[in-house]
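Chains A and B are the protein sequences, given in the same order.
Per the numbering used here, residue 17 is the first one in the first sequence, and the count goes up by one each step.
Per the numbering used here, residue 60 is the first one in the second sequence, and the count goes up by one each step.
We put the CB at the ideal spot given by N, CA and C, even for glycine.
Predicted, not measured: the structure shown is a model, and the values here were computed from it.
Quick notes on the structure that follows.
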Amino acid sequence: GAVVSQHPSWVICKSGTSVKIECRSLDFQATTMFWYRQFPKQSLMLMATSNEGSKATYEQGVEKDKFLINHASLTLSTLTVTSAHPEDSSFYICSATGLAGGTWGDEQFFGPGTRLTVL
Amino acid sequence: DAKTTQPPSMDCAEGRAANLPCNHSTISGNEYVYWYRQIHSQGPQYIIHGLKNNETNEMASLIITEDRKSSTLILPHATLRDTAVYYCIVRVGSGAGSYQLTFGKGTKLSVIP
Chain A
17 GAVVSQHPSW VICKSGTSVK IECRSLDFQA TTMFWYRQFP KQSLMLMATS NEGSKATYEQ
77 GVEKDKFLIN HASLTLSTLT VTSAHPEDSS FYICSATGLA GGTWGDEQFF GPGTRLTVL
Chain B
60 DAKTTQPPSM DCAEGRAANL PCNHSTISGN EYVYWYRQIH SQGPQYIIHG LKNNETNEMA
120 SLIITEDRKS STLILPHATL RDTAVYYCIV RVGSGAGSYQ LTFGKGTKLS VIP
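Okay, here's the thing in structure tokens:
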């Protein structure tokens with residue numbers, strides 16, 4: 017399958033600071049990227065959907081001003097957690113889907129995840 | 060997207076076939092059945108998907124009943140590395156909004172030596 021990377025793989029930050037997480041599609045152009053959050057022993061919850069060059073669409077209950085998403089190119093999307101607090105500590109996972117009809121069709125490929133711990 | 064029902068956990072002996080069931084009784088005609096798995100502290104990994112025909116790839120086989128209300132993922136020779144949470148997801152295969160995946164609780168498969 018196609019490869020999606022995330023950076024960093026883990027981060028620890030102080031409460032009130034902002035953290036940026038990068039998601040990259042390494043071998044295909046990702047028209048759409050998704051951001052998920054997963055708390056311990058729970059399933060993945062979709063946070064937002066971003067299409068290259070347009071504003072992200074956030075799921076109900078997700079604060080768009082707190083979780084800033086930028087999808088500036090077909091291979092990179094970033095999630096910035098602003099003014100992070102301990103309750104934002106979680107496993108953040110991105111996924112990407114390629115051009116319809118392309119090599120990878122419309123399958124979603126997931127990154128390895130980023131573990132955020134806010135002290 | 061239609062909802063799915065999976066057993067919360069299953070055990071399988073190493074080297075034996077692992078058969079993971081999924082019920083999706085409200086599936087629509089244009090919805091596909093997808094399987095992903097998540098090994099601890101990693102991102103989900105795509106396994107296989109199908110519409111109505113049985114499918115096989117290098118990882119697994121997918122058996123979909125004729126009425127499409129249930130399916131079974133088969134790992135033919137389970138190894139310890141197959142220990143993971145397996146998610147069965149149904150979604151529309153194409154069109155606007157077709158790309159979203161809604162994850163349920165999945166089945167935690169434990170492969171036992």
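Residues bridged to residue i (per DSSP)
i, result
"residue 83 (chain B)", "Looking at the DSSP assignment, residue 83 (chain B) forms no beta bridge with any residue, so it has no partner."
"residue 134 (chain B)", "B:77"
"residue 144 (chain B)", "B:97, B:167"
"residue 84 (chain A)", "A:96"
"residue 50 (chain A)", "A:65, A:111"
"residue 23 (chain A)", "A:38"
"residue 70 (chain B)", "B:169"
"residue 103 (chain A)", "For residue 103 (chain A), which the question treats as bridged, DSSP gives no partner whatsoever."
Cα-Cα separation, residue i to residue j
i, j, result
"residue 22 (chain A)", "residue 139 (chain B)", "26 Å"
"residue 105 (chain B)", "residue 117 (chain B)", "12 Å"
"residue 99 (chain A)", "residue 80 (chain A)", "13 Å"
"residue 64 (chain B)", "residue 150 (chain B)", "14 Å"
"residue 72 (chain A)", "residue 171 (chain B)", "43 Å"
"residue 48 (chain A)", "residue 89 (chain A)", "10 Å"
"residue 72 (chain B)", "residue 132 (chain B)", "16 Å"
"residue 119 (chain B)", "residue 89 (chain B)", "23 Å"
"residue 97 (chain A)", "residue 113 (chain B)", "42 Å"
"residue 159 (chain B)", "residue 83 (chain A)", "19 Å"
"residue 43 (chain A)", "residue 60 (chain A)", "24 Å"
"residue 112 (chain A)", "residue 86 (chain A)", "14 Å"
"residue 38 (chain A)", "residue 130 (chain A)", "9 Å"
Residue i classed as buried or exposed, judged by whether at least 16 other C-beta atoms fall within 10 angstroms
i, result
"residue 97 (chain B)", "buried"
"residue 141 (chain B)", "buried"
"residue 74 (chain B)", "exposed"
"residue 125 (chain B)", "exposed"
"residue 201 (chain B)", "What the structure shows of chain B is the stretch from 60 to 172, and residue 201 (chain B) is not part of that stretch, so it cannot be assessed."
"residue 124 (chain A)", "buried"
"residue 133 (chain A)", "exposed"
"residue 58 (chain A)", "exposed"
"residue 136 (chain B)", "exposed"
"residue 109 (chain A)", "buried"
"residue 115 (chain B)", "exposed"
"residue 76 (chain B)", "exposed"
"residue 56 (chain A)", "exposed"
"residue 85 (chain B)", "exposed"
"residue 79 (chain B)", "buried"
Original post:
At what residue ranges does the segment 96-126 of chain B contain a whole run of the beta strand (DSSP E), taking only runs of 3 or more?
Top reply: 104-109, 120-123
Query raised in the report: What residues in the segment 70-87 of chain A have a beta carbon less than 9 Å from any beta carbon of chain B?
Result: none
*Going along the segment 82-111 of chain B in order, which residues come within less than 9 Å of chain A, judged by CB to CB distance?*
93, 95, 97, 100, 101, 102, 103, 104, 105, 108
Of the residues that make up the segment 94-113 of chain A, which ones have a beta carbon closer than 9 Å to any beta carbon in chain B?
107, 109, 110, 111, 113
Handout entry: Residues within the segment 157-169 of chain B neighbouring chain A, beta-carbon criterion of under 9 Å
Key = 157, 158, 159, 160, 161, 162, 163, 164, 165
(Q) Tell me which residues of the segment 28-58 of chain A have at least one Cβ-Cβ distance to chain B shorter than 7 Å, keeping chain order. (A) 48
- [ ] Note down, in chain order, all residues in the segment 121-133 of chain A with a beta-carbon under 7 Å from any beta-carbon belonging to chain B.
- [x] 122, 123, 124, 125, 126, 127, 128, 129
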